[in-house]
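Single-structure report; data block below.
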Amino acid sequence: MASADVQILGSGAKAAPLDYTLPLGSELLLKAVRADFDGSAAATAFLPALEIISDAGHSVGLYPTDVAVAAGGSASVSFAPFLRNAPSSSGGLTSQFGLYVSNDQTMAAGATATMEWVYSAGAHVLDLTDAFNPTPVAAGVFFVSCICTSGTLGWTAGRVLRAQIDAVNATFPINGVHNEEPNGLGNILSFSVETLSPMTPTDHFQLLMQNADTGNRVMRAGPMSVVRMA
Amino acid sequence: MAEPLKAGMAPDLILDGSYKVRLTAVDATTGAVVSGVIVSEVAIQATDLAGTLQDQAPMPMLVPSDQPV
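Protein chains in written order, with the numbering used here: chain V, 92 to 321; chain L, 4 to 72.
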């Protein structure tokens, strides 16, 4: 019989690793594989990977993605010769965009709080294992911009809203730069804070907000726009 | 929503019977398997060199190696 292309479906869902053993007597020229990876219950970031195991039980090739999936994230992955997500070092720049928000926090007068990061949309560029100190899933130059808002009316005239976003890393720390919005009208205050720095998965971001009013206020941060370039 | 990703693999991979196609999730630093990742909706495109799979209708299917056929 002449050779022909076939599509083979793998049944079932299973915790990784998931193995399919080819039937005895078969001989296949592998062209492409696709699969869904649901990391909802994964505690750490991971690389989806295809591995070929010989009939003697030896690994003869491991082919991971070059972009990690954050803890709790999911991916649909296509494996085929010559595919890649990021270009080679001479091939230019790859950029990713992720959108995050923060839960409201009621803060006492004069208090400072570290805000929580919650994934909203786009690429999972941050690992939220520690949601108050998110780490990059992969290294790159990061630009982060965040809208910070005093969520309640009636601020005391002359009191300010303060916020800062820190890129905590050993090489180019951007730390302690804060913006503040003076209040002259008693309205809701809103402004953006930004940071730009090279970051690795061992570094982290931190967003601080301070209620400098005389009473309890609801503090709100987000959306946080995160751009990764590598 | 699942993130679409791509990965390269060696060209001209010929797999004989009893070879395993494994889908796994590994830690980027240690290479260890990361627990809690569920794999599903697997589809394999291949050339059937031995002609042993073409007569299966409507489509050849593999079951996970640790499940009864």
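Every residue, glycine too, gets a C-beta built ideally from N, C-alpha and C.
- request: Work out the CA separation of V/Ala134 and V/Val97 for me, nearest whole Å.
  value: Taking C-alpha positions only, V/Val97 is separated from V/Ala134 by approximately 37 Å.
- prompt: According to DSSP, what are the bridge partners of V/Phe233?
  reply: In the DSSP secondary-structure assignment, V/Phe233 is bridged to V/Ser288, V/Arg319.
message: Using DSSP's beta-bridge definition, name the partner residues of V/Met310.
response: According to DSSP, which records beta bridges pairwise, V/Met310 is partnered with V/Gln196, V/Ser241.
field: Minimum C-alpha distance to V/Ala125 - residue among L/Leu65, L/Val45, L/Val24, L/Ser21
entry: It should be pointed out that residue 125 of chain V corresponds to Arg in this sequence rather than to Ala. Of the listed residues, the one whose Cα sits closest to V/Arg125 is L/Val45.
- request: Enumerate in chain order the residues of its own chain whose CB-to-CB distance from L/Lys9 is below 6 Å, with the five nearest sequence positions on each side excluded.
  value: none
- request: Return helix, strand or coil for V/His295, following the three-state DSSP convention.
  value: strand
query: Three or more beta-carbon pairs under 8 Å between the stretch 30 to 47 of chain L and the stretch 111 to 127 of chain V, yes or no?
result: Yes, since at least three Cβ pairs between the stretch 30 to 47 of chain L and the stretch 111 to 127 of chain V fall closer than 8 Å, the two stretches touch.
message: Report the CB separation of V/Cys239 from V/Val284 in whole angstroms; it is logged as a contact under 8 Å.
response: 6 Å
message: If contacts are defined as beta-carbon pairs under 8 Å, then V/Val192 and V/Gly313 qualify, I think. What distance do you get, rounded to the angstrom?
response: 4 Å
query: Going straight from the alpha carbon of V/Glu142 to that of L/Val29, what length do you get?
result: 11 Å
Beta-carbon proximity of V/Ser117 to V/Ser165, cut-off 8 Å: no
message: Please tell me whether V/Ser186 and V/Met320 are closer than 8 Å, where the distance is taken between their beta carbons.
response: yes
task: Would you be able to state if there are at least three C-beta pairs under 8 Å between the stretch 16 to 30 of chain L and the stretch 256 to 263 of chain V?
output: The stretch 256 to 263 of chain V, when compared against the stretch 16 to 30 of chain L, does not touch it at the 8 Å Cβ threshold.
message: Give me the chain L residues within the contact set of V/Leu113, using Cβ-Cβ distance strictly less than 8 Å, ordered along the chain.
response: Leu18, Asp19, Gly20, Ser21, Tyr22, Lys23, Val24, Leu65
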